[in-house]
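Q: The structure follows.
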Amino acid sequence: MNTGKIGKVYLVGAGPGDPKLITIRGLEALKRSDVIVFDRLAGPQLLNHARQDAERIYVGKLPDRHTMKQEDINQLLVDLALQGKSVTRLKGGDPTVFGRVGEEAELLRQNGVEYEIIPGITSAISVPAYAGIPVTHRDLASSFSVITGHESPDKLDLSIHWDKVTNATGTLVFLMGVAKIGYISEQLVKHGRSPQTPVALVQWGTRAEQRTLVGTLDNIEEKVREANFKPPAVIVVGDVVAQRETLAWAERKPLFGQRVLVTRARSQASELVAKLDDLGAETYEFPVIETKLPDSESNVQAIQEALAQADDYDWVILTSANGVEYFFRWLEREAVDIRRFHRAQFAAVGPKTAQELAHRGIRADLLPESYQAEGLVDKLDGLVKPGQKALLPRGDLARELLPKKLRELGVEAVEIDVYETALAAPKDMWIAEMLAKKQIHVITFTSSSTVVNLLEALKLNGIEDPVAALQGIEIVCIGPVTAETAEKHGIQVTVVPQHATIDGMVEALAERHRIMRGE
Ligand code: SAH
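If you read the sequence shown in the numbering used here, its first letter stands for residue 217, the second for the next number, and so on.
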């Protein structure tokens, strides 16, 4: 819709790849823009922050398409703004460092479009830092240069004055230089650097594929060839490279290099994602579950009737954090005061559920040792008395075990489906590619429905045989029931923690990797 209003364009530095290395200002622009224009150097996870309804335009390379030409991108930004849209153009690293932001800004200006340049963390500094190489050091280098290695040799010689650049600063950082590493090393030695000067190439820094190759000016070309080392990489030349031996840190995290697909509902994924992230994993959210309020007439009526008897319950039994959240939503909708449950004891299946209750000012009276329905049954057996009445607010997919056992114990169990679980199948342009290239190393499942829905969602993303696509990937299930569902579908499960909690999952996975690395 053209309202006559001209939109604003944010030229945002996305950082080197780790999606948390974006500035707060950049994130704010991303969150509020109508359109996001991005390419491969900006971490794809950043797009999760965009508004659901925001248009996402990929201008990078696809199997059947070249990267969009710079002129076309410039024009695209102008066109979108003239349509009245606010636009975030995400650019890898910092937009002003070999990012051609000048050309984009210039055309915007010519067309009267307002813009902001939001700086980012350039790969020139951050990628070495993630490899344990500081670009300056009190004793080793008091200055650094950032140089492009992109041009063809004759042009490279025109734009780079080797005689001046070679010794101008202690550290030299080359971007886009992998293909020219031989030529670059040769020029540096020719103009006075010792052939023994340390050199490091850091590929895909700050990401799961981060890999570092170290050599000296006289052997690095050969090493790059032997290792078949590919771009993108940052090249660091100078004595600071040796710091890596003591300072390397990212690679030491237990889940370094692991790309983990988290299948939970987006609203619940954050805790799991944050914990995996902390241990060095690169997380990738693929929410295959959506929870929502049920809207069928009969369901709503059942809930209303059950809540109308709030004063009669001896027990309120909650078997998931979602259950708690939706139970309270219904109380609000139906204007039922929680104090009407004055007779009831509250039971929670696990610590997370208990915590959700505690947030709302209710201390769980009962919490089993093993955080599953079985544990709850054991605990309730002996406590409940025949003739008592229990309310079980739960999701539509909840297991039958608990109400069945309660009835066997003579308890009147009233189940209400306070929320519904639906399949979410996010269209994800990378997922099929990442699976095909074996770039996903771990998948986490936190319920049986995440297993079933992932297979469905993968099909909807064009993967014909999802079970085959998951072969060779480490599968982490929160507990035995989820694991059983996975195995039933032919998925081989690698890790099931002792305690069926998020913490248990993350710790069991980290422990496995510590052992595999011989720590
Ligand atoms: N504006 C960007 C640089 C764009 S030029 C910035 O400030 O970082 C593209 C080059 O950046 C690549 O060829 C590579 O040399 C470097 N680069 C960007 N991200 C990188 C990463 N995660 N790991 C290694 N090199 C990276």
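No residue lacks a Cβ here, since even glycine has one placed at the ideal position from N, Cα and C.
Because the structure is a prediction, the values reported are computed rather than measured.
1) Can you say whether residue 377 is buried or exposed, counting buried as having 16 or more other CB atoms within 10 angstroms of its CB?
2) Counting pairs of beta carbons, one from the region 513-527 and one from the region 485-492, are three or more of them closer than 8 Å?
3) Looking at residue 266: is its Cβ nearer than 8 Å to the Cβ of residue 252?
4) Taking residue 566 and residue 717 to be in contact with their CB atoms under 8 Å, please state how far apart those CB atoms are, rounded to whole angstroms.
5) Would you tell me roughly how many angstroms separate the C-alpha atoms of residue 282 and residue 407, rounded to the nearest one?
6) For residue 273, which residues does DSSP report across the bridge?
7) For the putative contact between residue 233 and residue 423, defined by C-beta atoms under 8 Å, what is the C-beta separation to the nearest angstrom?
8) With H, G and I counted as helix, E and B as strand and the rest as coil, what does DSSP make of residue 609?
9) Helix, strand or coil for residue 646, going by three-state DSSP, please let me know.
10) Measure the alpha-carbon distance for residue 722 versus residue 700 and round it to whole angstroms.
11) If distances are taken between C-alpha atoms only, which option among 460, 426, 433, 420 comes closest to residue 411?
12) If residue 546 sits next to residue 523, beta carbons under 8 Å apart, how far is it from one beta carbon to the other, in whole angstroms?
13) For the pair the region 427-447 and the region 687-700, tell me if three or more CB-CB distances fall below 8 Å.
14) Between the region 307-326 and the region 335-346, do at least 3 Cβ pairs fall closer than 8 Å?
15) Is the beta carbon of residue 645 within less than 7 Å of some heavy atom of ligand 1?
16) If you measure between the beta carbons of residue 564 and residue 589, is that distance less than 8 Å?
17) Cβ of residue 339 within 7 Å of any heavy atom in ligand 1?
18) If you drop the 5 nearest sequence neighbours on each side, which residues of the same chain put their C-beta closer than 6 Å to that of residue 474?
19) Please name the residue, chosen from 616, 420, 561, that lies closest to residue 346 on a Cα-to-Cα basis.
20) Using beta-carbon positions only, say whether residue 405 and residue 457 come within less than 8 Å of one another.
21) So, are the CB atoms of residue 333 and residue 317 less than 8 Å apart?
22) Count the CB pairs spanning the region 289-301 and the region 221-230 that are closer than 8 Å, and state whether there are at least three.
23) Any contact between the region 631-648 and the region 606-613? By contact I mean 3 or more CB pairs, one from each, below 8 Å.
24) Can you tell me the Cβ-Cβ gap for residue 676 and residue 705, rounded? I've got them flagged as a contact below 8 Å.
25) Only counting the same chain, and skipping five residues up and downstream in sequence, which positions put a Cβ closer than 8 Å to that of residue 303?
26) Would you say residue 673 and residue 639 are within 8 Å of each other, going by their C-beta atoms?
27) Please check if any C-beta of chain B sits within less than 8 Å of the C-beta of residue 476.
28) Any heavy atom of ligand 1 closer than 7 Å to the beta-carbon of residue 428?
29) In terms of residue numbering, what span does the alpha helix (DSSP H) encompassing residue 230 cover?
30) How many angstroms separate the CA atom of residue 493 from the CA atom of residue 732?
31) Taking just the CA atoms, how far does residue 290 sit from residue 217?
32) Would you say residue 361 and residue 395 are within 8 Å of each other, going by their C-beta atoms?
33) Please specify which runs of the beta strand (DSSP E), each continuous and at least 3 residues long, are wholly inside the region 660-720, giving them in chain order.
34) Would you kindly work out how many angstroms separate the C-alpha atoms of residue 542 and residue 622, rounded to a whole number?
35) Would the beta-carbon of residue 448 be found less than 7 Å away from any heavy atom of ligand 1?
36) Taking the alpha-carbon positions, what's the residue 479 to residue 359 distance?
A: So, from the listed chains and residues:
1) Counting every other CB atom within 10 Å of its CB across the protein chains shown gives residue 377 a total below 16, marking it as exposed.
2) Inter-segment contact for the region 513-527 and the region 485-492 is absent: fewer than three beta-carbon pairs are separated by less than 8 Å.
3) yes
4) 6 Å
5) Straight-line Cα distance between these residues: approximately 38 Å.
6) 253
7) 4 Å
8) Looking at residue 609 - three-state DSSP - the assignment turns out to be strand.
9) Three-state result, residue 646: coil.
10) 19 Å
11) Ranking 460, 426, 433, 420 by Cα distance to residue 411 puts 433 first.
12) 7 Å
13) no
14) yes
15) no
16) Not closer than 8 Å, so no.
17) Yes, the beta carbon of residue 339 sits closer than 7 Å to at least one heavy atom of ligand 1.
18) 497, 657, 658
19) 420
20) no
21) In contact: residue 333 and residue 317 (Cβ atoms closer than 8 Å).
22) With a cut-off of 8 Å, the region 221-230 and the region 289-301 count as touching, because enough Cβ pairs lie within range.
23) The answer is yes - the region 606-613 touches the region 631-648, with three or more Cβ pairs under 8 Å.
24) Contact flag wrong, Cβ pair sits at about 16 Å.
25) 223, 224, 225, 226, 249, 250, 251, 252, 253, 293, 296, 297
26) Between residue 673 and residue 639, the C-beta gap is smaller than 8 Å, which places the two residues in contact.
27) Among the protein chains of the structure shown there is no chain B, as only one such chain exists.
28) Answer for residue 428: no, Cβ out of range of ligand 1.
29) Segment: none, residue 230 is in no alpha helix (DSSP H) and carries neither H nor E.
30) 19 Å
31) Because the pLDDT of residue 217 is 48, which lies under 50, any placement of that residue in the model is unreliable, and the question is left without a value.
32) The Cβ-Cβ distance between residue 361 and residue 395 does not fall below 8 Å.
33) 690-693
34) 22 Å
35) yes
36) 45 Å
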